[in-house]
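K.L.:
Mind looking over this structure? Questions follow.
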Amino acid sequence: MRRQWENAYVRRFAWFIEHDIDPHLPQTGSSIGLLSPTIYRIKERLYLCTGREQDQPFASFYLFDRNNEYMHCFGDAMGRLYEYCVDGAKLIGSSGKYNGIFIGQAYYDMLMVRHPDDAFPMHTAMPEHHWGRHAFLDQAAHVWRRASCSLPSITHCRTGPDSKNWRYAPELHDLWTWRRVDDPVGASAANMDGLIYFNDDYTLRSVTLRLNGSPDENGKEDKVFLRNLRLVGPKGDIMLADFSHQPENFKVTRRKLSDPNDEWETMDPMPVAIVTEDGREVLEVMVEPDFSYALRVGVSHQEFNLAEDYTRVSFDFKGISSEPNLRYRQGWRYGQTGSPALVSDMILNDRTVVPSHDVRGGILDPDSVLVEDRNRDSFGSFTYRNYFGARSTWTRHTLLTWEGILVVHDIYVAGSETDGYRVGPIWCLRADGQWTEGQREDGHQWRKFENVPPTHDGRRHWFDAPAFDHASWKKGKKRVLVYIHPAAGQIYGQLQHESTPDFSREINTNSSWAASIVKTGQSKVFLSIIIPFNEGEDVTNLLDHLETSLDTDGNANVSIGNTTIMLSTEGKWKIGRK
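Position one of the sequence shown corresponds to residue -14 (the working numbering), numbered consecutively onward.
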């Protein structure tokens, strides 16, 4: 292997060798990666490591909070641990390109927040989690739900608002529907000003709610109750329409689902009524099969900063269906209004399509991002506000020891929009299993990975798994232990599912998690200890030498053999070794 490597190096870098240019490892430690490092200096990534030598542990987190278009419109990856490697083994690494949209991304090595009546973290029937497929298979019917879109996400989306430097040009009828206002050649698939926070000032003129009947024209009629269409954010709430009475500037149109090119027809009389549901007046909408409905609410011009003043547009709905769950959303980020989902996307100002489910939509606090190396240990921290709901925050403190132990301290404070929701960290681990091979009748070889189903019993608060991959120089294989500190009211679980093909291919992944119900204004702390160990080693030996505790304020203490770790909710830390 060494000789092959040297020969390849000479072939590839002959010019550099002739000019006496030799490669060397950069002398660097933990750092904050920047987007546009010389001009805008946007904090994009967080790297924990004390050196670049091949056997050094490192962990990498994605920070950028406006990347659903930047990362090919699939990258709502804010806060994700996208790579964790120790001694040449990749232990955690959900860095696939197509592993979900908005809520779907939170299944991968981040903090998940879900409606309490929905399965956590996902429905067991969900076959895979990329391209947003089956992302809401289990939305419970007959209960009040919240639809909430994070407004900063529209600043750079494909149907977003115009800005100083970019204009929307749908007349071009191609993928690059945005043009520079000062350059006819400059083109983009979205508004690039949004990536650098240039167009946060917004004027809201209308909100359209989309409801879809059964795609089966012989299906049953559905019913939806609506209430409290509102703007929500740090400045408070603005009620756009509480639906206790029919809004003044209100119109309902419809067209056939089976003929999406048909014209929208205005409905008169409208299929709506004011009724009493659960003790208060709400708007009732009857939804016929094979029809898509658009309920447009015109609002007085609301001018605000969508990152600082009002960060979400939300409404509450209850779907009444003959099935226990609502028709689910299917497809990818944009163009969802043609989906058969009973409650589909909202449309702002008759143009901007936004999701109507519980979108993560965190807003990174730049001042919260920090890294620190002390001796051979590393620490990093960041905070997002508006996380799954206005006035909700998620803080993640992380310690990486020189031995490769990763300590993750998650703190979630719910706002009113996520009061009573279920919250918890999810770690995406590789499934155990083995490759089998054979030969077809035509002589071609076949190869298939046999995934071993997870053996978690629903009570155990730890998980172990093989490494995703190993470096070519690595001798022996590694596994990883994920230990979550047990606490009152927490539940635990593991679910095996497919993942994005460029991430796991035939090898399934096991979403491994803890979760707890949260209350408005109360901090919920989760402590995860992630420890690498050699394949063949008894994992119970590690557990016998591991102790964790959280005090009433959420400060953590960890003891692993001769190593003690202290990590506070304020980000203060200390490591001791005997």
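Note that CB positions come from ideal geometry on N, CA and C, so glycine has one too. It should be emphasised that the depicted structure is a prediction, and the values quoted were computed from it without experimental measurement.
According to the neighbour-count rule (16 or more other Cβ atoms, all chains shown, within 10 Å of its Cβ), is leucine 303 buried or exposed?
P.N.:
It is lysine, not leucine, that sits at residue 303 in the sequence shown. Buried, since its Cβ has 16 or more Cβ neighbours within 10 Å.
K.L.:
Please list the segments of the beta strand (DSSP E) lying wholly inside the stretch 173 to 235, counting only runs of 3 or more residues, in order along the chain.
P.N.:
Within the stretch 173 to 235, the complete beta strand (DSSP E) runs of at least 3 residues are 186 to 197, 207 to 218 and 221 to 226.
K.L.:
Since tyrosine 69 is in the beta strand (DSSP E), which residue starts that stretch and which ends it?
P.N.:
First-last of the beta strand (DSSP E) with tyrosine 69: 66 to 71.
K.L.:
Answer yes or no: do tyrosine 153 and glutamate 288 have a C-beta to C-beta separation smaller than 9 angstroms?
P.N.:
Contact: no.
K.L.:
Apart from the five residues on each side of it in sequence, which residues of its chain come closer than 6 angstroms, Cβ to Cβ, to serine 229?
P.N.:
Same-chain partners within the cutoff: Glu266.
K.L.:
Considering only their Cβ atoms, is the gap separating isoleucine 2 from valine -5 smaller than 9 angstroms?
P.N.:
In contact: valine -5 and isoleucine 2 (Cβ atoms closer than 9 angstroms).
K.L.:
Sort out for me which residues DSSP pairs histidine 382 with in a bridge.
P.N.:
Answer by DSSP bridge pairing, in chain order: Ser366 and His394.
K.L.:
Note down the Cα distance separating serine 191 from arginine 281, rounded to an integer number of angstroms.
P.N.:
Approximately 7 angstroms between the Cα atoms of the pair.
K.L.:
Using beta-carbon positions only, say whether alanine 74 and histidine 455 come within less than 9 angstroms of one another.
P.N.:
Contact: yes.
K.L.:
Specify the secondary structure class of serine 353 as computed by DSSP and reduced to three states.
P.N.:
Serine 353 falls in the helix class under three-state DSSP.
K.L.:
Applying the criterion that 16 or more other CB atoms from any shown protein chain within 10 Å of the CB defines a buried residue, is aspartate 244 buried or exposed?
P.N.:
Exposed, because fewer than 16 other Cβ atoms sit within 10 Å of the Cβ of aspartate 244.
K.L.:
Straight-line CA distance for glycine 389 to tryptophan -10?
P.N.:
Whole-angstrom Cα-Cα distance: 27 angstroms.
K.L.:
Could you work out which residue in Pro42, Phe49 and Lys559 is closest to glycine 18 when comparing CA atoms only?
P.N.:
It is Phe49.
K.L.:
Starting from isoleucine 2 and walking both ways along the alpha helix (DSSP H), at which residues does that stretch end?
P.N.:
Isoleucine 2 -> alpha helix (DSSP H) spans -1 to 3.
K.L.:
Am I right that aspartate 404 and threonine 296 are in contact with their C-beta atoms under 8 angstroms? What's the rounded C-beta distance?
P.N.:
About 17 angstroms separates the two Cβ atoms, so there is no contact after all.
K.L.:
Tell me the rounded alpha-carbon separation between phenylalanine 518 and phenylalanine 453.
P.N.:
C-alpha separation (whole angstroms): 14 angstroms.
K.L.:
Could you check if leucine 157 is buried or exposed, using at least 16 other CB atoms within 10 Å of its CB as the buried criterion?
P.N.:
The residue in question, leucine 157, is exposed, as its Cβ has fewer than 16 Cβ neighbours within 10 Å.
K.L.:
With DSSP as the reference, label tyrosine 406 as helix, strand or coil.
P.N.:
In this structure, tyrosine 406 counts as coil in the three-state DSSP scheme.
K.L.:
Can you give me the start and stop residues for the alpha helix (DSSP H) that leucine 528 sits inside?
P.N.:
From DSSP, the alpha helix (DSSP H) with leucine 528 extends over 524 to 529.
K.L.:
Just how far apart, CA to CA, sit histidine 100 and valine 503?
P.N.:
In a straight line, the C-alpha of histidine 100 is about 11 angstroms away from that of valine 503.
K.L.:
Assuming arginine 131 and serine 299 are in contact, meaning their beta carbons sit under 8 angstroms apart, how far apart are those beta carbons, in whole angstroms?
P.N.:
6 angstroms between Cβ atoms; contact.
K.L.:
Per DSSP, what are the beta-bridge partners of proline 155 in this structure?
P.N.:
Note: proline 155 sits in no beta bridge, so no partner.
K.L.:
Would you please state the rounded distance, in angstroms, between the beta carbons of histidine 482 and serine 501? I believe it to be under 8 angstroms.
P.N.:
With 8 angstroms as the limit, histidine 482 and serine 501 do not qualify as a contact, their Cβ atoms being about 22 angstroms apart.
K.L.:
Between aspartate 343 and serine 133, which are expected to be in contact by the criterion C-beta below 8 angstroms, what is the C-beta distance as a whole number of angstroms?
P.N.:
So it is a contact: roughly 6 angstroms between Cβ atoms.
K.L.:
Taking its Cβ as the centre, do 16 or more other Cβ atoms sit within 10 Å of tryptophan 558, making it buried, or is it exposed?
P.N.:
Tryptophan 558 comes out buried.
K.L.:
Can you check whether the CB of methionine 95 is closer than 9 angstroms to the CB of glycine 145?
P.N.:
No.
K.L.:
Rounding to the nearest angstrom, what Cα-Cα distance links alanine -7 and serine 457 in this structure?
P.N.:
For alanine -7 and serine 457, the distance between alpha carbons rounds to 15 angstroms.
K.L.:
Would you say isoleucine 515 and valine 356 are within 9 angstroms of each other, going by their C-beta atoms?
P.N.:
Not in contact: isoleucine 515 and valine 356 (Cβ atoms no closer than 9 angstroms).
K.L.:
DSSP puts leucine 31 in a beta bridge; with which residues?
P.N.:
Note: leucine 31 sits in a beta bridge opposite Ile17 and Phe46.
K.L.:
Assuming arginine 212 and aspartate 103 are in contact, meaning their beta carbons sit under 8 angstroms apart, how far apart are those beta carbons, in whole angstroms?
P.N.:
In fact, because the Cβ distance is near 20 angstroms, the residues do not count as touching under 8 angstroms.
K.L.:
If you run the structure through DSSP and keep just helix, strand and coil, what is threonine 591?
P.N.:
Residue coverage of the chain in this structure runs from -14 to 563, which leaves residue 591 outside it and unanswerable.
K.L.:
Using only the alpha-carbon positions, how far apart do proline 340 and alanine 226 sit?
P.N.:
Approximately 19 angstroms between the Cα atoms of the pair.
K.L.:
Just verifying my parser: in three-state terms, what is the DSSP assignment at proline 137?
P.N.:
Three-state DSSP puts proline 137 in a helix.
K.L.:
Under the DSSP definition of a beta bridge, which residues are partnered with valine 328?
P.N.:
Answer by DSSP bridge pairing, in chain order: Leu196.
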